[in-house]
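In full-length UniProt numbering, the protein residues as written are 1 to 520.
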């Protein structure tokens, strides 16, 4: 008999695949050979007809009852094959478990990658709901608190319906939601009757839904929100339980990061609004134009600034301020904002330029920053068709006056920079603009623009005066634009300092200059 004493099942199959002999161990497993073994025998028989019976044969594997066996073939005479069956149920289960773990880890890595691929808060919420439907549920709802009874909801269903909205919601209306939103460390998932989830917060078909789970999404110090899952099955398998816990942790982290970034962007934009150059207000009968370009080109803020205040102080003068904080970038811009706020508070003293500079100097010296600022103050008053200017400089490049006869006057106002010395000195010059004449205030980013044909030459005062002489009669706004363009073209692709320009003009027609306009 065939290996009756062998503890391993032995089977001999014929060419047709039918079992012809089996030992006791094999007969105790089955009466007729399993289909997968017969199929393997027919495959071997096909090889026999092609003359390849001498080739090695790989074992095959398949179920017998609730067990899994691996059958190792041995050729016999006449096309028969003897099969040695080895129980590999434990090995198969281990392989399946390992494969499932690999798939679970891969799914978690993919989910984490998608969750962390964006800092957009709305997209992060939508991605969380979509991934929850892909891996854990038939429908999912992400709940994120916004404020008093205000919540941001993102939902997704297996039918592809998805959406997001802000709603007024009492979290106590959904059992477990309030606890999930408040608990830290996160409370375990709570299973509830799916009918208790209001349809208005989780739309979509609910046919076949048998259970719902409320899971906390941990954030920084406290939950950032909660995840509500609607499922066809009740409860989680051990593998789903682990995946759900890890997924909630990753989703909570991603949402927390995205929300923090969103808050920072909102704060930055709010602060930025106070640092950006202002819109120039209308001054009765006076033309004012300005241009600004931060160093580097990609930044919108820097250390140069300007402001225009209509009819301030006890008199009838408007005030124009142009300044340059030492340094550039964000740190200079922050001090710029402080200086602008201080000057705004000093507007009641605006007719007394020296007093304004002294008060500002006191503020800067009392601060922790070692930076300083140069300023030019222009008190502006309309006198019929003319414009009267009171110009005061505090360590700043002197304003230039473009006369209607082609002359360019450089003012003599001078003084010390603000924030360096205990005592501030300054001088004020009065200038009268005839119709069509202009006054140009500018920061040193214009005259210190380095470039030109040789690449290392400053634009300089003389070149600026020559360009202004050729710009007689151009509109005030065009003059400001032209000066900025000249400085940027001179620098080319090289780095340049912050540039601030304010042009003040007396309306009216100026006689055409013999040398023509810009670029002549």
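Quick reminder that beta carbons are idealized off the backbone N, C-alpha and C, glycines included.
Terminal residues of the beta strand (DSSP E) in which residue i lies
i           : result
residue 282 : No beta strand (DSSP E) holds residue 282; DSSP gives it neither H nor E.
residue 408 : 408–410
residue 67  : 67–75
residue 166 : 162–168
residue 20  : 19–22
residue 305 : 304–309
residue 288 : 287–293
residue 324 : 318–325
Element boundaries [alpha helix (DSSP H), containing residue i]
i           : result
residue 484 : 476–491
residue 262 : 238–275
residue 84  : It is not in any alpha helix (DSSP H) - residue 84 instead sits in the beta strand (DSSP E) that spans 81–87.
residue 341 : 330–345
residue 445 : 444–447
residue 468 : 461–469
Sheet register partners of residue i (DSSP bridge)
i           : result
residue 148 : Note: residue 148 sits in no beta bridge, so no partner.
residue 438 : 402 and 505
residue 214 : 190 and 228
residue 388 : 381 and 432
residue 8   : Answer is none; residue 8 lacks a bridge partner.
residue 372 : In the DSSP output, where bridge partners are listed per residue, residue 372 has none listed.
residue 63  : 68
residue 156 : 140 and 162
residue 130 : Note: residue 130 sits in no beta bridge, so no partner.
residue 427 : 393
residue 223 : 218
Residue i versus residue j - alpha carbon distance
i           : j           : result
residue 55  : residue 107 : The pLDDT assigned to residue 55 is 48, lower than 50, so where the model puts this residue is not dependable; a value taken from the coordinates is nonetheless given after this. Roughly 41 Å separates the two Cα atoms.
residue 206 : residue 235 : 17 Å
residue 2   : residue 23  : 6 Å
residue 91  : residue 239 : 19 Å
residue 53  : residue 98  : Residue placement at residue 53 is flagged as unreliable, the pLDDT there being 49, under the threshold of 50; a coordinate-derived value is accordingly withheld.
residue 521 : residue 136 : There is simply no residue 521 to check, as the chain begins at 1 and stops at 520 in what is shown.
residue 249 : residue 89  : 35 Å
residue 520 : residue 376 : The pLDDT assigned to residue 520 is 34, lower than 50, so where the model puts this residue is not dependable, and the model offers no usable value.
residue 145 : residue 269 : 22 Å
residue 369 : residue 245 : 49 Å
residue 361 : residue 176 : 60 Å
residue 40  : residue 82  : 12 Å
residue 277 : residue 292 : 7 Å
residue 348 : residue 355 : 11 Å
residue 476 : residue 162 : 55 Å
residue 289 : residue 111 : 53 Å
residue 138 : residue 201 : 15 Å
residue 233 : residue 211 : 6 Å
residue 187 : residue 346 : 56 Å
residue 275 : residue 256 : 28 Å
residue 408 : residue 503 : 14 Å
residue 337 : residue 294 : 14 Å
residue 267 : residue 424 : 36 Å
residue 45  : residue 84  : 17 Å
residue 367 : residue 324 : 18 Å
residue 458 : residue 418 : 25 Å
Spatially closest choice to residue i from the options, by CA coordinates
i           : options               : result
residue 331 : 357, 320, 371 and 321 : 371
residue 151 : 230, 172 and 399      : 172
residue 416 : 358, 198, 82 and 66   : 358
residue 179 : 225, 202 and 142      : 225
residue 392 : 409, 374, 408 and 383 : 374
residue 29  : 354, 44, 489 and 63   : 63
residue 397 : 501, 457 and 31       : 501
residue 155 : 192, 189, 175 and 198 : 198
residue 351 : 467, 311, 323 and 163 : 311
residue 192 : 322, 231 and 138      : 231
residue 164 : 294, 427 and 130      : 130
residue 508 : 309, 286 and 424      : 286
residue 281 : 266, 348, 366 and 309 : 309
residue 26  : 410, 138, 65 and 211  : 65
residue 242 : 189, 222 and 149      : 189
residue 14  : 78, 436, 335 and 506  : 78
residue 335 : 345, 320 and 302      : 302
residue 306 : 182, 343, 72 and 411  : 343
residue 34  : 43, 18 and 229        : 18
residue 523 : 59, 208 and 132       : The chain is shown only over 1 to 520; residue 523 falls outside these bounds and no answer can be derived.
residue 439 : 115, 320, 69 and 75   : 320
Cutoff 7 Å: residue i Cβ touching any chain D Cβ
i           : result
residue 407 : As a matter of chain content, chain D is missing from the structure shown, which is built from one protein chain.
Three CB pairs or more closer than 8 Å across the segment 94–105 and the segment 121–128: no
The segment 420–434 contacting the segment 388–395, beta-carbon criterion three pairs below 8 Å: yes
Touching by the beta-carbon criterion (3+ pairs, under 8 Å), the segment 400–411 and the segment 471–491: yes
Cβ contact (3+ pairs, closer than 8 Å) linking the segment 211–231 and the segment 243–262: yes
Three CB pairs or more closer than 8 Å across the segment 478–488 and the segment 443–460: yes
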